[in-house]
Amino acid sequence: MVTESLIRKKFVHETLQKGLLKIYATQESVVRSNYQLRSRRLITLLSKHSFESNITSDSHTIFVRILPYLRFLDMAYRRNDRISKFKRRNLALYNRVVWGVLYHETFPQLRYGFTDEVRKTIHEQLEKSLNP
Numbered sequence: 120m121v122t123e124s125l126i127r128k129k130f131v132h133e134t135l136q137k138g139l140l141k142i143y144a145t146q147e148s149v150v151r152s153n154y155q156l157r158s159r160r161l162i163t164l165l166s167k168h169s170f171e172s173n174i175t176s177d178s179h180t181i182f183v184r185i186l187p188y189l190r191f192l193d194m195a196y197r198r199n200d201r202i203s204k205f206k207r208r209n210l211a212l213y214n215r216v217v218w219g220v221l222y223h224e225t226f227p228q229l230r231y232g233f234t235d236e237v238r239k240t241i242h243e244q245l246e247k248s249l250n251p
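In the working numbering, each residue carries its 1-based index in the sequence shown increased by 119.
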């Protein structure tokens, strides 16, 4: 039986998953195009798109592993001299990417994207998967 809460949980899970995959893809493209890779550890981690999702009756929790090295690269991007601002504006790896995707794409989609049409589509998908 497909309930409203099941449909809502599936919508939230899919929306958050799309946002996380976009964050990983953006970070991976920045690393590949702008940084010289000495060890392949950073690009390997970003290519895995690894995260864990826990869904309970009233909450949805996502655990994402971030390398500390990624944060240090992002701090180097944030230096305040005018040369580094010009050269490093395309090198944002964490704050600009993560919060940009979350606040400008994922959260509005969660707030306003759960329309009757989306609800109907997810309901049909769940019905097909439960009753083949």
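All C-beta atoms, glycine included, are put in the ideal place defined by N, C-alpha and C. Predicted model only: the values in this text are computed from it and were never measured.
key: For Leu156 and Leu245, the rounded distance between their alpha carbons   = 43 Å
message = Within 10 Å of its beta-carbon, does Leu161 have 16 or more other beta-carbons around it, so buried, or fewer, so exposed?
response = buried
ask   = Taking the alpha helix (DSSP H) that Thr163 falls in, what are its first and last residues?
value = Arg160 to Lys167
query = Would you call the region 178-185 and the region 236-251 in contact, with 3 or more CB pairs under 8 Å?
reply = no
ask   = Do you know offhand how far Phe130's Cα is from Arg230's?
value = 11 Å
request  = With DSSP collapsed to three states, give me the class of Thr180.
outcome  = strand
message = If I follow the unbroken beta strand (DSSP E) through Ile174, where does it start and stop?
response = Phe170 to Ile174
Between the CA atoms of Ala144 and Leu125 - distance to the nearest angstrom = 28 Å
task = State the CB to CB distance for the pair Val149 and Phe170, rounded to an integer number of angstroms; the pair is presumed to be in contact (CB under 8 Å).
result = Not really, about 19 Å apart at Cβ, beyond 8 Å.
Beta-carbon proximity check, Asn153 vs Leu189, cutoff 8 Å = no
key: Nearest residue (CA-CA) to Leu164, options Leu140, Trp218, Pro251 and Arg215   = Leu140
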